[in-house]
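These notes concern the structure reproduced below.
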Amino acid sequence: YVSDGELFTYLNKRQHFSEQDAKIYITDLTFSLGEVHKLGIIY
Numbered sequence: 041y042v043s044d045g046e047l048f049t050y051l052n053k054r055q056h057f058s059e060q061d062a063k064i065y066i067t068d069l070t071f072s073l074g075e076v077h078k079l080g081i082i083y
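Residue numbering for the sequence shown follows this note's numbering, starting at 41 and increasing by one per position.
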């Protein structure tokens, strides 16, 4: 979740993430994909 809008917009404003921020976003995205997979929406 990005409080100021979409992750894409946030990245465009900052141009890059710190390694710590990238770890958080990748972890969240991976978890989210796993949950969507459990629901049978993606394989």
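Beta carbons: idealized from backbone N, C-alpha and C, even for Gly.
This structure is a prediction, so every number in the text was calculated from the model and none was measured.
query                                                                                                                                         : result
Helix or strand or just coil, what does DSSP make of Ile-64?                                                                                  : helix
In the DSSP assignment, the alpha helix (DSSP H) including Tyr-50 goes from what residue to what residue?                                     : 47-54
Classify Phe-57 as helix, strand or coil using the three-state DSSP reduction.                                                                : coil
By Cβ distance below 8 Å, which residues in the same chain neighbour Gln-55 in space, the five residues on each side in sequence not counted? : none
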